[in-house]
Structures are given as structure tokens and as C-alpha cells.
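Convert by adding 6 to the 1-based position in the sequence shown; the result is the number in the numbering used here. Ideal placement from N, C-alpha and C gives every residue a C-beta, glycine not left out. Note that the coordinates shown come from a computational prediction; the quantities given were computed from them, not determined experimentally. Working notes for the structure below.
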Amino acid sequence: MSLETAGLPAAPEYRETALEGVDHIEFFVGNARQAAHFYRSAFGFDVVAYSGPETGVRDRASYVLRQGQVTLVMTAPLSPDGEVADHVRLHGDGVRAMAFGVDDAAAAYQDAIARGARAVAEPHVLEDAHGAVRLATVRTFGDTVHTFVERAEYSGPFLPGYREERKSGAGAGLQVVDHCVCNVELSRMDEWVSWYNRVFGFDVFQEFDEDDIATQYSALRSKVVRGGRGGSITLPINEPAKGLRKSQVEEYLDYYHGPGVQHIALHTGDIVESVDWLRRQGAEFLRAPDRYYELLPDRVGEIDEDLEQLRRLNILVDRDEHGYLLQIFTRPVEDRPTLFFEVIQRKGCRGFGKGNFQALFESIEREQEARGNL
Ligand code: FE2
Numbered sequence: 007m008s009l010e011t012a013g014l015p016a017a018p019e020y021r022e023t024a025l026e027g028v029d030h031i032e033f034f035v036g037n038a039r040q041a042a043h044f045y046r047s048a049f050g051f052d053v054v055a056y057s058g059p060e061t062g063v064r065d066r067a068s069y070v071l072r073q074g075q076v077t078l079v080m081t082a083p084l085s086p087d088g089e090v091a092d093h094v095r096l097h098g099d100g101v102r103a104m105a106f107g108v109d110d111a112a113a114a115y116q117d118a119i120a121r122g123a124r125a126v127a128e129p130h131v132l133e134d135a136h137g138a139v140r141l142a143t144v145r146t147f148g149d150t151v152h153t154f155v156e157r158a159e160y161s162g163p164f165l166p167g168y169r170e171e172r173k174s175g176a177g178a179g180l181q182v183v184d185h186c187v188c189n190v191e192l193s194r195m196d197e198w199v200s201w202y203n204r205v206f207g208f209d210v211f212q213e214f215d216e217d218d219i220a221t222q223y224s225a226l227r228s229k230v231v232r233g234g235r236g237g238s239i240t241l242p243i244n245e246p247a248k249g250l251r252k253s254q255v256e257e258y259l260d261y262y263h264g265p266g267v268q269h270i271a272l273h274t275g276d277i278v279e280s281v282d283w284l285r286r287q288g289a290e291f292l293r294a295p296d297r298y299y300e301l302l303p304d305r306v307g308e309i310d311e312d313l314e315q316l317r318r319l320n321i322l323v324d325r326d327e328h329g330y331l332l333q334i335f336t337r338p339v340e341d342r343p344t345l346f347f348e349v350i351q352r353k354g355c356r357g358f359g360k361g362n363f364q365a366l367f368e369s370i371e372r373e374q375e376a377r378g379n380l
């Protein structure tokens, strides 16, 4: 579909404060009960709510996981038909919805539609004994959607139709979604950047090209769009760039069968403690090459953390003019080489680890080679 604005009526300015931040991220998965257990045991999330046949929902089961301000929802189909089963068959487990909190779901939806977004679900109200939530949904890249959630009049555990659960995870110190990275097809990045600019008023915050992010074999281009209240929503958008062999973005697109969310970065206040705990729980991370830590002091200068600890835990460091960041990437959390997580701690730095891309790519390519996909 062409995303050109030509022919569309002039739309009003998107209200700057319309999007308050990431409300939750919903995954469509093959087995939500097991996925919830994985995120609870390996990542420390609490299970706080559930919906399914026991709560009157006939076609799907959903588990709501929470840690800090991060809410993930795992939803599985209960039959071979319908949007959840279709999504899982094509994409495997993956992100269906990035939901944004809003003060007026109907207005956010109408603004987005007027600015060229495609409708998925018109504004509607869900109610139960805890109050009312207003929801509406528009489509973005691939089969991914954005849901607007207006929950000011609601006091329940998640949404109407969900019952409370109290299965606590141990907590890994993860606080908030720092950014969500989207992979789109070759030559489509700029279309989606302008979609986010036009539909939500997001600005391009940073950009990288193949001169920044390339190894001997593969490359990618990336533009980071940001918006929402206080810049609370950050979406780097990647497309593959031409390399000697198949790039990691191409591998993702092949296995996900289209564009989708590549990784979710979760911020922690103490990455050494978080990653130490996550590793002991069995979370699996990419390995940086040994040379990485030999070069690190010269590259990033003085940091608060103990270099030996960072080396032992394989945590990466990068710096910009505002400060530095620490980050680490998990291996894909499904059998398909698609979605993974990042754990990040920012100490002033506003970047995304450009200086680590080289080390990271070499690590990803070692895994790609092992899968026979390089
Ligand atoms: Fe990231």
C-alpha cells in the first residue's frame, strides 16, 4: 500500500499530548500459559491478570505480566481459526500490539485516521465492576497494530474482562520500556518514518546508515522516531542494507514473514544486578567478542562500573556527548530468529549503542552462521 499523503484532506495537528506513553505490549503466542511462565521465571515478571474461558472469553487466553511500569500481555488462540491463530501460524510468537495510553481514545483514533492511519477497531467501551475503559486500534507496519487505551475511569487489574492474579516473579529490576525496534522491508524505512511523523507527529530523533552499522557481511539502516508526552515513545525503524551476505534484518523478515517488532529494550536502574540475576534464572544473552573488553577503556573512558564485572556478564558500554549507556541483548526468545529483548541502563547517554553495533553484529552473525542463514 502506498503511504503517500497525496489526495488526503489536510488533517489537524496531532495533539502533542495525545499519546501518554506505552500502556502495554501484547504478544500473540502459541501457548500463553507457558510463555507467561517463561517471562515470570526467566525475566522476573509478576502475573497480575488473566482472561480466558473462566472469565467468559471463548476464543483466546491472555496472561498479563508486570514489572515496574512494563506490562506485557501473552495471548494464545483456543481454536485454529481467528486473528490470533492466523498471526501465530504466519509469524510464530511475536508482538501484535503496541498499546499507547491516551486521555481520549476516540479523539486519538479520529486524529490518526484523519492523518492516514488504517482502522482496525473503532472506538468502543469495555466495562466491568471496576469501571470503564475506552479502546480503539489502528494498523501500522505488517500485521502490527497500535491500540489507544483510555483508562482514567478504571481501577481493575488490567482491562474489563480480566480477573486478578497474584503470582509474583522475583523481579529483575526492569523499570520501563526504553524503546521498541521495528524491522521493515528494504527501502520501506522512510515511508514508515513519514507515517509516524504524519500520523502521530513523531520526530526523527537519530539516524544511522550502513557506514555506522556494517560488518564485512551485512548492514542495516535505522531511523529513530520519538514522540508522545515527554518523548516517552521511542521507535527505531530498521531496514536491511546491502551487504555481502544476508543481513540480520533480512533473516528476521524471512522468518517473521514480514515486518514486525525486532526487540524491546527495558530500562533498569542497575544493569549489573539485573543481568546477574537474569543469567542465574536462565535468560540467554549474546556474547561480545573477547577483544571488545580490551578496547573498551580507550573507547568509553571513565565509567562507574567494574570492567571485570561487565566482562563476566558480557554487558556492553557506549558513550555519546551526554554520557554513557550500558546494554545487553538476549538471544531470540522463540525458535524462529525473530524477537529478542535488550536490557539497558542510561547514564546520560541518549543513543542506542552505535559503538556496539559492530561487536553485536559479529555476535549475531556467529549465531546466524550456526543456523545456516548467513
Ligand atoms: Fe535497542
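Where residue i falls, given that 16 or more other Cβ within 10 Å makes a residue buried
| i | result |
| --- | --- |
| alanine 376 | exposed |
| glutamate 170 | exposed |
| lysine 229 | buried |
| arginine 372 | exposed |
| glutamate 348 | buried |
| leucine 331 | buried |
| alanine 38 | buried |
| glutamine 374 | buried |
| valine 139 | buried |
| arginine 66 | buried |
| valine 144 | buried |
| serine 193 | exposed |
| leucine 301 | exposed |
| isoleucine 370 | buried |
| serine 253 | buried |
Contacts around residue i, its chain only, beta-carbon distance under 6 angstroms, and the 5 residues preceding and following it disregarded
| i | result |
| --- | --- |
| glycine 236 | none |
| serine 57 | Val63, Ser68, Gly167, Tyr168 |
| glutamine 315 | Val278 |
| glycine 307 | none |
| phenylalanine 211 | Val230, Arg232 |
| aspartate 184 | Ala271, His273, Ile350 |
| serine 238 | Gly27 |
| arginine 72 | Asp52, Val54 |
| tryptophan 198 | Phe147, Val190, Ile243 |
Near the ligand FE2: residue i beta-carbon under 7 angstroms from a heavy atom
| i | result |
| --- | --- |
| histidine 185 | yes |
| histidine 269 | yes |
| phenylalanine 358 | yes |
| glutamate 213 | no |
| glutamate 348 | yes |
Spatial neighbours of residue i in its chain, beta-carbon cut-off 8 angstroms, leaving aside the 5 residues before and after
| i | result |
| --- | --- |
| aspartate 218 | Lys360, Phe363 |
| tyrosine 258 | Asn189, Gly266, Gln268, Pro343, Thr344 |
| tyrosine 261 | Gly98, Arg342, Pro343, Thr344 |
| proline 303 | Leu313 |
| asparagine 244 | Val187, Cys188, Asn189, Val190, Met195, Leu226, Arg227, Ser228, Val255, Gln268 |
| serine 47 | Gly175, Gln287, Gly288 |
| serine 85 | Asp65, Ala91 |
| threonine 240 | Asp184, His185, Cys186, Phe211, Val230, Val231, Arg232 |
| aspartate 149 | His93, Leu96, His97, Arg102, Gly264, Gly266 |
| aspartate 276 | Gly179, Gln351 |
| lysine 248 | Glu216, Ala225 |
| isoleucine 119 | Ala125, Val144 |
| alanine 111 | Pro129, Arg140, Leu141, Ala142, Phe154, Val155, Glu156 |
Same chain, Cβ closer than 7 angstroms to residue i, five either side skipped, listed in chain order
| i | result |
| --- | --- |
| asparagine 320 | Phe291, Arg293, Ala294, Ile334 |
| lysine 353 | Gly329, Tyr330, Leu331 |
| proline 338 | Thr344, Leu345, Phe346 |
| threonine 4 | The structure shown has nothing for residue 4, since the chain only spans 7 to 380. |
| glutamine 40 | none |
Residues sharing a beta bridge with residue i, DSSP
| i | result |
| --- | --- |
| proline 83 | Arg66 |
| aspartate 134 | Gly137 |
| arginine 145 | Arg124, Val151 |
| leucine 245 | It is glutamate, not leucine, that sits at residue 245 in the sequence shown. BP columns for glutamate 245 point to Arg227. |
| cysteine 186 | Ile270 |
| lysine 173 | Val53 |
| alanine 103 | Glu32, Val151 |
| glutamate 213 | Lys229 |
| threonine 61 | Paired residue(s): none; threonine 61 is not in a bridge. |
| glutamine 116 | Glutamine 116 is not bridged to any residue. |
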